[in-house]
Each structure stands twice: as structure tokens, then as C-alpha cells.
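>
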Amino acid sequence: MVCTDVLGRIEREVIKECSPTLAGLKTGNLFNYRYDNISDFRRELASVNRKLNAKGVYVTFLKRNEKSALLYVFRPDRLEKDLSQPAVQNVLKVFGYTDYKVGASIKHLKQRVGENTCFPHEIGLFLSYPVEDVIQFIRQKGCNYKCCGVWKVYCDEAFSQKMFARYRKCTEVYLRVFDRGRSISALTV
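Under the numbering used here, the first residue of the sequence shown is numbered 14, with each subsequent residue one higher.
1) Buried or exposed for residue 42, going by 16 or more other Cβ atoms inside 10 Å?
2) Count the CB pairs spanning the stretch 141-152 and the stretch 94-108 that are closer than 8 angstroms, and state whether there are at least three.
3) Starting from the Cα of residue 59, find the closest Cα among 84, 36, 45 and give me that residue.
4) Starting from the Cα of residue 81, find the closest Cα among 64, 97, 92, 55 and give me that residue.
5) Taking Cβ positions, are residue 108 and residue 135 nearer each other than 9 angstroms?
6) Quick one: Cα of residue 66 to Cα of residue 175, how far?
7) Only counting the same chain, and skipping five residues up and downstream in sequence, which positions put a Cβ closer than 6 angstroms to that of residue 34?
8) Is residue 41 helix, strand or coil by DSSP?
9) How many Å lie between residue 159 and residue 140 at the Cα?
10) Quick one: what's got a C-beta closer than 8 angstroms to residue 133's C-beta in the same chain, skipping five residues either side?
11) Comparing C-alpha positions only, which one of 194, 97, 163 sits nearest to residue 31?
12) Which residue's Cα is closest to the Cα of residue 23: 131, 195, 89, 61?
13) Which two residues bound the contiguous alpha helix (DSSP H) that contains residue 123?
14) Starting from residue 184, trace the alpha helix (DSSP H) in both directions and tell me its first and last residue.
15) Given a cut-off of 9 angstroms, decide if residue 96 and residue 114 are closer than it, judged by their beta-carbon atoms.
16) If you check the beta carbons only, do residue 180 and residue 39 fall under 9 angstroms apart?
17) Give every residue of the same chain whose Cβ lies closer than 6 angstroms to the Cβ of residue 189, excluding the five residues on either side of it in the sequence, and list them in chain order.
18) Suppose you measure from the CA of residue 167 to the CA of residue 157; what does that come to, to the nearest Å?
Structure below.
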């Protein structure tokens with residue numbers, strides 16, 4: 014049996030790293046989660062999914078080893094909308110995506126994360142980064158950006174700065190409220 018403190022730890026990490034997704038401000042967030050053993054991790058993942066799936070949020074791993082996992086917390090309905098955009102599909106096509114359904118796209122992303130030594134740059138499209146910023150990041154090789162926050166900004170700096178501030182505020186509020194006893198389910202809208 015996984016103790017409540019361990020389950021609380023994964024929930025706090027999800028709150029800390031993914032509040033904008035829980036609040037419905039973003040399609041997804043990504044973070045590295047360390048754990049003591051794989052069987053406890055599986056139980057933690059199942060537990061957090063039981064709480065979040067009813068609210069339309071899912072947690073999966075893109076890559077894992079014996080002590081850590083790269084977790085993707087996402088809203089499938091929003092991801093489906095994002096993946097249906099022609100500009101997004103054009104970028105994904107370059108990286109071998111052929112099926113733009115949520116499950117197939119995440120499966121291909123997992124494959125790309127697993128086989129590449131560097132991070133697949135299209136991942137920003139799974140995280141609500143503006144498609145033009147993702148395209149420019151790839152073209153500019155991560156250089157020549159206007160500003161940097163949650164992502165490197167190449168296009169609409171004012172919009173991006175507003176979004177960064179909203180994400181920061183959301184995370185601050187969610188952490189404070191969670192630490193005062195509000196459940197992860199109650200914080201997920």
C-alpha cells in the first residue's frame with residue numbers, strides 16, 4: 014500500500030508544475046517526477062488519474078526509468094483542438110506524425126522522446142505554446158528570441174508575457190490553496 018504522504022507528494026508536484034492545465038488555461042504541462050520504486054510509481058499514477066480523469070485531465074509518462082518519469086499532464090479535449098489546426102499538423106508532419114488523433118499523436122511523441130538525445134522541439138505544440146513560436150524556435154535553433162518565460166518567444170511578446178504572468182499567478186494560488194487542504198480534485202476545473 015502506498016502511504017498517503019507519497020500520494021500527496023505526486024499531487025503536490027502536479028499542482029506545482031501543472032496548475033495552468035488543471036485550471037484550464039493550458040492544454041498540457043510537462044515535468045520530471047522522481048520516485049523510489051516503479052510499483053509505487055504505478056500506484057501513484059493510477060491514484061492521481063482516478064482523481065483527475067473525471068475532470069477531463071490525464072497524466073501519462075512520455076519516458077521513464079527506474080527512478081524518474083517525464084510526466085505529461087494534459088486535457089485531451091483541448092489537445093484534440095490543437096492537433097486539428099492545419100498549421101500544427103504541418104509542423105508535426107515534418108517530424109513523422111501521420112495521425113493527428115490524441116492517442117496516436119501522444120504515442121508518436123513518446124517514441125520521439127525515447128529515441129532522441131535532444132528534446133523533440135514539436136513538444137511545445139502539446140503544451141499550448143503558440144505555433145509560430147514553435148516554428149521560429151526550430152528555425153532559429155533556440156536563438157534570437159525576444160524574451161523567455163515558459164517558452165522562448167519569437168512573435169507576440171506582449172501576449173506571451175501576459176500568459177506567463179497568468180500561469181505564475183495560477184500556480185501561486187493553487188499551491189497556497191492546496192497547502193491549506195484543498196484537494197487536487199477540487200482545484201481541477
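Built from N, CA and C at the ideal position, the CB exists for glycine as well.
So, to answer that:
1) The residue in question, residue 42, is buried, as its Cβ has 16 or more Cβ neighbours within 10 Å.
2) Touching, yes, given that three or more Cβ pairs across the two stretches are closer than 8 angstroms.
3) Of the candidates 84, 36, 45, the residue whose Cα lies closest to the Cα of residue 59 is 84.
4) By alpha-carbon distance to residue 81, the top candidate from 64, 97, 92, 55 is 55.
5) A contact, by the Cβ cut-off of 9 angstroms.
6) Roughly 29 angstroms between the two C-alpha positions.
7) The beta carbon of residue 34 sits closer than 6 angstroms to the beta carbons of 41, 42, 86 from its chain, once the five residues preceding and following it are set aside; these are given in chain order.
8) Looking at residue 41 - three-state DSSP - the assignment turns out to be strand.
9) Residue 159 and residue 140 have their C-alpha atoms some 19 angstroms from each other.
10) Only 108, 122, 125, 126 meet the Cβ criterion.
11) For residue 31, the nearest C-alpha among the options comes from 163.
12) Among 131, 195, 89, 61, the Cα nearest to that of residue 23 is on 61.
13) Here the alpha helix (DSSP H) through residue 123 covers 115-128.
14) Note, residue 184: alpha helix (DSSP H), 170-192.
15) Yes, the pair counts as a contact, with Cβ atoms nearer than the cut-off.
16) The beta carbons of residue 180 and residue 39 sit closer together than 9 angstroms.
17) The answer is none, since no qualifying residue turns up.
18) About 8 angstroms.
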